[in-house]
Ligand SMILES: [Zn+2]
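Numbering (the working numbering), first residue to last: 68 to 489.
Following this line, the structure appears as structure tokens:
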């Protein structure tokens with residue numbers, strides 16, 4: 068196949084151009100979903116896609132699909148991510164995935180390369196979940212994991228519903244979300260963690276998203292005077308929490324690459340001369356394998372009564388949220404791996420520690436993701452940074468992966484592939 072190359076400068080230029088829409092003084096972006104700024108970047112995206120000859124459709128969750136026809140009448144291969152950001156977001160989270168797909172599509176148009184399947188660039192609505200909870204709602208409804216009516220009724224802090232916000236910017240489309248079959252979906256994203264940078268790798272071949280479970284626990288002892296209560300007669304809930312935090316950390320280390328975190332604690336009454344009588348804390352356990360995550364949970368539940376028994380504390384704990392592990396599609400993963408290889412980039416397999424639109428979409432279409440490194444692993448932060456070269460490598464692998472998958476589709480259908488577009 069002729070080696071199609073994306074234009075690194077042009078991609079970088081568009082990342083910087085759209086970063087001005089909601090740009091912050093510290094170099095980040097504040098572009099919350101379904102705001103006037105979100106409308107501006109959507110309008111920009113639509114106009115650019117139409118310049119390339121694409122037809123842009125919008126579904127009733129506001130998800131945008133910019134389509135270039137292929138030679139066959141089959142569901143499109145889609146690629147993209149999200150254009151909304153956190154309130155103090157960076158320039159790359161989500162944005163890179165959409166703009167790299169746009170650049171890849173532009174490369175195909177300019178080369179006159181005809182694909183077998185139609186190709187679509189997607190912008191998923193409200194990936195961040197910052198203005199409206201939860202996160203990843205358009206891809207969630209698209210994959211039937213979330214209920215549309217519940218998501219649309221969700222209010223922001225000012226009491227504006229998701230549906231009203233969608234109407235206000237004119238992006239409630241006519242197509243029912245989810246009634247849009249895809250042959251496959253590919254998402255390029257910054258890693259949002261430190262692994263690729265630490266190992267000096269260009270590309271992460273994302274094989275799945277790890278399973279996650281969240282818990283809440285309360286340890287109860289007895290408030291008592293710090294001066295008048297001898298050590299052996301205390302029921303100190305904070306000491307119990309300290310031992311739990313230590314135990315949770317040990318569980319994470321024992322089950323690596325699993326991770327385990329106590330991220331929030333509330334000590335009561337939190338007074339310098341009162342032995343703490345009650346502590347509430349949260350636990351976040353994650354592992355790529357559902358069964359191993361189950362073992363981590365068991366160990367956590369085993370250690371809780373031991374610690375509370377030793378300290379004569381009562382305990383209560385419950386699971387408040389869980390998400391099973393996602394394994395991406397083997398053919399899509401293979402396409403990404405080959406794409407990195409033919410491009411001459413160093414790569415390693417990696418499991419995503421964070422959730423992404425592709426995790427939901429993988430329920431209804433073969434999917435995979437590509438990661439590129441970001442400086443110091445920092446994301447959801449105005450300082451978030453990936454270099455021009457890193458972004459370009461990601462976009463190049465995204466393009467090659469889609470073309471690879473397109474050839475797989477054509478071959479399965481017994482069609483001669485487009486080896487030379489001229
Ligand atoms: Zn993102």
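C-beta atoms are modelled at their ideal positions from N, C-alpha and C, and glycine is treated no differently.
On a predicted model such as this, the values are computed, not experimentally measured, just so you know.
Check: Decide if residue 84 is buried, meaning its Cβ has at least 16 other Cβ atoms within 10 Å, or exposed.; Outcome: exposed
Check: What residue from 418, 477, 344 has the CA that sits closest to residue 304's CA?; Outcome: 344
Check: Rounded to whole angstroms, what's the CA-CA distance from residue 477 to residue 244? Just pull it up for me.; Outcome: 27 Å
Check: List, from N- to C-terminal side, the beta strand (DSSP E) runs of 3 residues or more that fit wholly inside the segment 94 to 152.; Outcome: 122 to 125, 131 to 135, 144 to 148
Check: How many Å lie between residue 171 and residue 79 at the Cα?; Outcome: 13 Å
Check: DSSP puts residue 285 in a beta bridge; with which residues?; Outcome: 347, 383
Check: To the nearest angstrom, report how far apart residue 266 and residue 169 are at their CA atoms.; Outcome: 29 Å
Check: Closer than 8 Å by C-beta to residue 488: which residues in its own chain qualify, once you throw out the five before and the five after it? Chain order, please.; Outcome: Confidence in residue 488 is poor, its pLDDT being 44 and thus under 50, which makes the residue's placement unreliable; the coordinate value appears in the next sentence. 69, 178, 179, 180, 181, listed in sequence order.
Check: Is it right to say residue 454 is buried, meaning 16 or more other beta carbons lie within 10 angstroms of its own, or is it exposed?; Outcome: exposed
Check: So if DSSP puts residue 416 in a beta bridge, which residue, or which two residues, is it bridged to?; Outcome: 272
Check: Where do the N-terminal and C-terminal ends of the beta strand (DSSP E) with residue 482 fall, by residue?; Outcome: Unbroken run through residue 482: none, as it is neither H nor E.
Check: Cβ atoms of residue 278 and residue 354: under 7 Å apart, would you say?; Outcome: yes
Check: For ligand 1, is there any heavy atom lying closer than 6 Å to the beta carbon of residue 473?; Outcome: no
Check: So within the segment 313 to 349, which uninterrupted beta strand (DSSP E) runs reach at least 3 residues, ignoring any that extend past its ends?; Outcome: 326 to 328, 332 to 335
Check: First and last residue of the alpha helix (DSSP H) that includes residue 431?; Outcome: It is not in any alpha helix (DSSP H) - residue 431 carries neither H nor E in the DSSP assignment.
Check: Determine contact between the segment 366 to 374 and the segment 227 to 242, defined as no fewer than three beta-carbon pairs at a distance below 8 Å.; Outcome: no
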